[in-house]
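**Q** Below is the structure I would like to discuss, written out as C-alpha cells.
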Amino acid sequence: MPESQSKKVLLVEDENFLSSLIRTRLEKEGFEVNQAFDGEEAMTWLSANHPNLIILDLILPKMSGFEVLEQIAYDPEKAQIPVIILSNLAQDSDIVKAKNLGAKEYFVKVRISTDEIIDRVKSLIPQ
1 MPESQSKKVL
11 LVEDENFLSS
21 LIRTRLEKEG
31 FEVNQAFDGE
41 EAMTWLSANH
51 PNLIILDLIL
61 PKMSGFEVLE
71 QIAYDPEKAQ
81 IPVIILSNLA
91 QDSDIVKAKN
101 LGAKEYFVKV
111 RISTDEIIDR
121 VKSLIPQ
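Position one of the sequence shown corresponds to residue 1 (the working numbering), numbered consecutively onward.
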C-alpha cells in the first residue's frame, strides 16, 4: 500500500499485553501501527507524523493522556485526527473531559472487547 494510502494508527498504551493484542489485530486488518508507551513519546512521534487515528490511554507515564489530548486539541493540524480513548478511568467526569478535549470515542478497558475496538477504528478511518 503506498505511503499516502496507508491507514496509520498511533497506539499509546503502556500495558504491554493489551498493546500487543491491539497492535496484532490492527496489523492483521491492514493498519500500519506505530506505538508509544508514554505521553512524551506519543507527542514526539506526532511532531513528525500524522496518523489517521490515535488510540490513547489516559493513565500514562511522563505525560498523561489528558495532557496529550490537550496538546492535540491546540494544534490545528492534529486536532482533526480522530482519537479513541481506551482507559481504566470510568468516572463520568473523565469521559466528559476527554470528549470536551476532542475524543471521538471513550472505551473503558474492562467493558470493551478487542473486536469492538477494531470495528470502531475501521468506522473512523475512511477506507
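Glycine included, C-beta positions come from ideal geometry on N, C-alpha and C.
1) What does residue 106 pair with, by DSSP beta-bridge criteria?
2) Our contact map puts residue 23 next to residue 35 with C-beta atoms below 8 Å; I'd like the distance itself, whole angstroms only.
3) Considering only their Cβ atoms, is the gap separating residue 69 from residue 30 smaller than 8 Å?
4) Excluding sequence positions up to five away, which residues of its chain have a Cβ less than 6 Å from the Cβ of residue 37?
5) So, are the CB atoms of residue 117 and residue 52 less than 8 Å apart?
6) Can you give me the C-alpha to C-alpha distance between residue 39 and residue 71, rounded to a whole angstrom?
7) Comparing alpha-carbon positions, which option in 111, 10, 109, 110 lies nearest residue 45?
8) For residue 112, which three-state DSSP category applies?
9) Given a threshold of 16 other Cβ atoms within 10 Å of its Cβ, counted over all protein chains shown, does residue 28 qualify as buried or as exposed?
10) Closest to residue 94 by C-alpha separation, out of 59, 119, 7, 18, would be which residue?
11) Sort 7, 17, 20, 65 by Cα distance to residue 50 and report the nearest one.
**A** So, from the data block:
1) Taking the first residue of the sequence shown as position 1, residue 106 is located at position 106. Note: residue 106 sits in a beta bridge opposite 85.
2) Start at 1 with the first residue of the sequence shown, and residue 23 comes out as number 23. Start at 1 with the first residue of the sequence shown, and residue 35 comes out as number 35. Indeed they touch by this definition, with Cβ atoms about 6 Å apart.
3) On the sequence shown, position 30 is the one that residue 30 refers to. On the sequence shown, position 69 is the one that residue 69 refers to. Going by C-beta atoms, residue 30 is not nearer than 8 Å to residue 69.
4) Locating residue 37 in the sequence shown gives position 37, where the first residue counts as 1. For residue 37, where only same-chain residues beyond five positions count, the Cβ hits under 6 Å are 14.
5) As a working mapping, residue 117 is identified with position 117 in the sequence shown. As a working mapping, residue 52 is identified with position 52 in the sequence shown. No. Outside cutoff.
6) Reading the sequence shown from its first residue, position 39 is the one you call residue 39. Reading the sequence shown from its first residue, position 71 is the one you call residue 71. The alpha-carbon atoms of residue 39 and residue 71 are separated by roughly 10 Å.
7) Taking the first residue of the sequence shown as 1, we reach residue 45 at position 45. Residue 45 has its Cα closest to that of 10, out of 111, 10, 109, 110.
8) Translated into positions along the sequence shown, residue 112 becomes position 112. Of the three classes helix, strand and coil, the one that applies to residue 112 here is coil, per DSSP.
9) Looking up residue 28 in the sequence shown gives position 28. Classification of residue 28: exposed, given that the 10 Å Cβ count is below 16.
10) Here residue 94 refers to the residue found at position 94 of the sequence shown. Checked all of 59, 119, 7, 18; the closest Cα to residue 94 is 59.
11) The sequence position of residue 50 within the sequence shown is 50, counting from 1. When only C-alpha atoms are compared, the closest one is 7.
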